[in-house]
Amino acid sequence: MKTRIFIFLSLLALLAGCLDRSIPSNDFIIRVFTDFKKRTGKDSVQCWVNDTLVFDSLYVNMSDDQNLIYYDDWLGMEVASFDKKGYDSIKIRIRVTSLDTVLYCGRRTIDSTFRYRIDNIPSIVISCDPNVGILLWDTLRTPDYFWLEW
């Protein structure tokens with residue numbers, strides 16, 4: 004009898020754990036990536052969501068392209084996290100200012116404003132490349148960017 008109760012409780016706990024993971028989260032994360040440790044402290048990042056300033060600080064990334072010690076920073080620095088319930092899209096304005104001699108496509112500052120659909124994705128990475136400018140990555144349109152290969 005005790006064995007059956009133990010098996011029943013184990014299966015119930017397993018089922019509860021599976022149900023908890025199957026419910027999608029409404030959290031949405033915006034990350035900015037300028038270049039691993041190489042740009043840490045060398046760029047100023049400002050981010051507005053729906054005309055509200057949500058981040059204004061220096062770019063800090065503890066990960067590097069050789070060792071994935073700091074997994075959270077591998078996709079970029081988190082600049083905003085909020086509940087996306089009730090939103091199908093948001094207006095994002097990003098401004099990255101180079102504090103050293105590395106220029107972005109001949110400009111010291113990248114300043115871009117755009118609307119982005121967020122109802123079917125959990126996060127977005129805004130990559131600021133010195134040679135290209137701004138690139139947008141999300142799990143729906145560019146899923147290979149988020150796959151980590153060991």
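Sequence positions in the sequence shown follow our numbering and run 4 to 153.
Think of the CB as a built atom: it goes at the ideal place given N, C-alpha and C, for glycine as much as any other residue.
This one's a predicted model, so the numbers in the text were calculated from it and none came from an experiment.
Counterpart residues of residue i in DSSP-defined beta bridges
i    : result
R110 : Y107
I137 : C131
T116 : R96
F85  : F31
Which listed residue (the options) has its alpha carbon closest to that of residue i
i    : options               : result
N134 : C108, F58, T112, I124 : C108
T142 : C131, S130, I124      : I124
D122 : S130, T104, S92, I113 : S92
R42  : I33, L61, V52         : L61
I33  : N64, T6, L78, T104    : L78
R144 : S126, D103, D132      : S126
Alpha-carbon spacing of residue i relative to residue j, whole angstroms
i    : j    : result
I137 : T116 : 11 Å
R96  : I10  : 53 Å
A83  : I8   : 46 Å
W140 : V128 : 5 Å
M80  : Q49  : 12 Å
I26  : K88  : Here the model assigns I26 a pLDDT of 43, short of 50, so the residue's position is not dependable, and the following value carries that caveat. Rounded to whole angstroms, I26 to K88 spans 14 Å at the Cα level.
F39  : R110 : 20 Å
G44  : K94  : 26 Å
D30  : D86  : 5 Å
T112 : L106 : 8 Å
T37  : S47  : 10 Å
T6   : W51  : 57 Å
T55  : Y119 : 16 Å
N53  : R98  : 14 Å
D103 : D132 : 14 Å
T100 : Y90  : 29 Å
F58  : N64  : 15 Å
Continuous beta strand (DSSP E) stretch holding residue i: start and end
i   : result
K94 : 92–101
L78 : L78 -> no beta strand (DSSP E), and no H or E assigned at all.
T55 : 55–61
R34 : 30–36
D46 : 46–52
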